[in-house]
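Numbering (the UniProt record's numbering), first residue to last: 1 to 428.
These notes concern the structure reproduced below.
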Ligand code: GUN
Ligand code: FE
């Protein structure tokens, strides 16, 4: 049998991040894929490569699938409303009543199906989901993510205080159900169970320490919000006077840094919190859409965190973000960093290379081998046809940039996970 019988060669303008400062751009080249994994990128195919195994995308761009590392699945239908509110007001007025509806499994199935389809449509192939408190709905989300083949973390949300009576749990039950969720989902392929305390102010110390023990015992990742808004931090201080800040609450309860720890926002971080977040097990997720809609009070100092070597990713954070497009999030990250730079010139604006790295390779670091096209990486890829916004005198990197600023999901013409094409199921 010929060596290349089971290979595929995808031809196009190939782009991925080598690191935060270096984007690899290989024009008119082939990605050779075997068993769903990248073997190499070459400009010319080996002579004995079978013609029928070539998939020629011509002048189109081939890029890694995006990583959305903080997104609230049950907030899919509340996008774009209540955007003039402040965080705590928005949670009480819009978010808690909306999430409470996921007690109904039929509702969960319908909305989570639409949500996952929209993720895929927007080119997000790797996702870190925030669920609701309901066990059954959380299981439904887990199953849909797995059926559609995504790489994902998801769990069951925890909140046992400071929450409305229609959307709150008993402490013990919250811990017991979380343990059950982990046990029943721990060995499930590319979708992995995580522990998801909403944020410090909706969780008692007893709940947090119970969850910390579970994280340690089962070695599961933790996903939460931290240092997000001025009001939230004031409430946190009142509720937990013995702790210095929100990060210390998580840290002392074994929820920060023991296992992969993915913290959304991280806008207001003192030096000691920055030190904690330097741990390679920790990742801060910048959610620029949510920052301008709901957080109010500051913008994450992305450049500072990058230079400190803190792991960074991007998140859509719907429904405080409105769009599931991580391409758009790349553009907004750069825009916000420029606004921040006006008020704090000490830190330069973020480059395209840095923002794209956060959206792909850096965001994907806690999944196995995703977000780039080096040997051994999964061929989790998007094919971008930008012919409607393309002019011939710009190079592929500029075309990628233009797609982020001006394109949308209609420009994504193919999506691959582990070398298999996956489809979208249509709009509703
Ligand atoms: N903090 C606690 N819950 C939430 C939420 O649903 N969205 C955002 N942006 N922040 C939160
Ligand atoms: Fe959030």
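Quick reminder that beta carbons are idealized off the backbone N, C-alpha and C, glycines included.
Owing to the predicted nature of the structure, the values given are computational and were not obtained by experimental measurement.
Query raised in the report: In or out: residue 17 buried (at least 16 other Cβ within 10 Å) or exposed?
Result: buried
Requested in this report: Closer than 8 Å by C-beta to residue 394: which residues in its own chain qualify, once you throw out the five before and the five after it? Chain order, please.
Outcome: 402
Query raised in the report: Is residue 33 near residue 379, with beta carbons less than 7 Å apart?
Result: A contact, by the Cβ cut-off of 7 Å.
Query raised in the report: So, helix, strand or coil for residue 5, using DSSP?
Result: coil
Query raised in the report: Just to confirm, are residue 196 and residue 155 a CB contact at a threshold of 7 Å?
Result: Result yes, Cβ atoms of residue 196 and residue 155 sit closer than 7 Å.
Query - Neighbour-count burial assignment, residue 427, 16 or more Cβ in a 10 Å radius - result: With a pLDDT of 44 at residue 427, under the threshold of 50, the predicted position of this residue should be treated as unreliable, though the coordinate-derived value follows. Answer is exposed; the Cβ neighbour count stays below 16.
Query raised in the report: From what residue to what residue does the alpha helix (DSSP H) around residue 331 run?
Result: 326–343
Query raised in the report: Who does residue 15 pair with in a DSSP beta bridge?
Result: 25
**Report entry** Where residue 356 falls: helix, strand or coil (DSSP)
**Finding:** DSSP places residue 356 in helix when its eight states are reduced to three.
Requested in this report: Give me the Cβ distance between residue 253 and residue 208, rounded to the nearest whole Å; I'm assuming they're in contact under 8 Å.
Outcome: 4 Å
Report task. Apply the 10 Å Cβ neighbour rule to residue 2 and answer buried if 16 or more other Cβ atoms are within range, or exposed otherwise. Result -> exposed
Query - Residue of 193, 52, 244 and 147 minimising C-alpha distance to residue 366 - result: 193
Report task. State the DSSP-derived secondary structure class of residue 71, mapped to helix, strand or coil. Result -> strand
Requested in this report: Using 6 Å as the cut-off, classify the Cβ of residue 317 as near or not near the heavy atoms of ligand 2, replying yes or no.
Outcome: yes
Query raised in the report: Got a sec? Which residues, its chain only, sit under 6 Å from residue 90 by beta carbon, not counting five neighbours each side?
Result: 82 and 294
Query - Sequence-distant residues of the same chain with beta carbon closer than 6 Å to residue 200, five excluded per side - result: 236, 246 and 249
Query raised in the report: How should residue 290 be labelled, buried or exposed, when 16 other C-beta atoms within 10 angstroms of its C-beta is the threshold for buried?
Result: buried
Query - Nearest residue (CA-CA) to residue 269, options 281, 298 and 292 - result: 298
Query raised in the report: Quick one: what's residue 382 bridged to in DSSP?
Result: 63 and 415
Query raised in the report: In angstroms, rounded to a whole number, what distance separates the CA positions of residue 172 and residue 413?
Result: 48 Å
Query raised in the report: Residues in its own chain within less than 7 Å of residue 79 by CB, not counting five upstream and five downstream?
Result: 318, 319 and 322
Query raised in the report: Grouping DSSP H, G and I as helix and E and B as strand, with all else coil, what is residue 212?
Result: Collapsing the DSSP output to three states places residue 212 in a helix.
Requested in this report: Consider the C-beta atom of residue 264 and the heavy atoms of ligand 2; say whether any pair is separated by less than 6 Å.
Outcome: yes
Report task. Ignoring anything shorter than 3 residues or poking outside the stretch 175–262, list the beta strand (DSSP E) runs there in chain order. Result -> 191–197 and 222–226
Query raised in the report: Using DSSP with H/G/I as helix, E/B as strand and the rest coil, what is residue 308?
Result: helix
Report task. Scan the stretch 69–134 and note each continuous alpha helix (DSSP H) run of 4 residues or more that stays entirely inside, going in chain order. Result -> 87–90, 96–100 and 105–121
Query raised in the report: Pick from 340, 357 and 356: whose alpha carbon is nearest that of residue 349?
Result: Measuring from the Cα of residue 349, the nearest candidate turns out to be 340.
Query raised in the report: Using CA coordinates, which residue listed in 93, 337, 336 and 314 is at the minimum distance from residue 327?
Result: 314
Query raised in the report: Start and end of the beta strand (DSSP E) containing residue 42?
Result: Here the beta strand (DSSP E) through residue 42 covers 37–42.
**Report entry** residue 33 (DSSP reduced to helix, strand or coil)
**Finding:** strand
Query raised in the report: Are three or more beta carbon pairs between the stretch 370–389 and the stretch 353–362 nearer than 8 Å?
Result: yes
Query raised in the report: At which residues does the beta strand (DSSP E) containing residue 406 begin and terminate?
Result: First-last for residue 406: 396–406, but that is the alpha helix (DSSP H), not the beta strand (DSSP E).
Query raised in the report: Using the rule of at least 16 other Cβ atoms within 10 Å of the residue's Cβ for burial, across every protein chain shown, is residue 51 buried or exposed?
Result: exposed
**Report entry** Cross-strand partners of residue 270 (DSSP beta bridge)
**Finding:** DSSP output for residue 270 lists no bridge partner at all.
Requested in this report: Tell me, please, which residues DSSP counts as bridged to residue 158.
Outcome: 197
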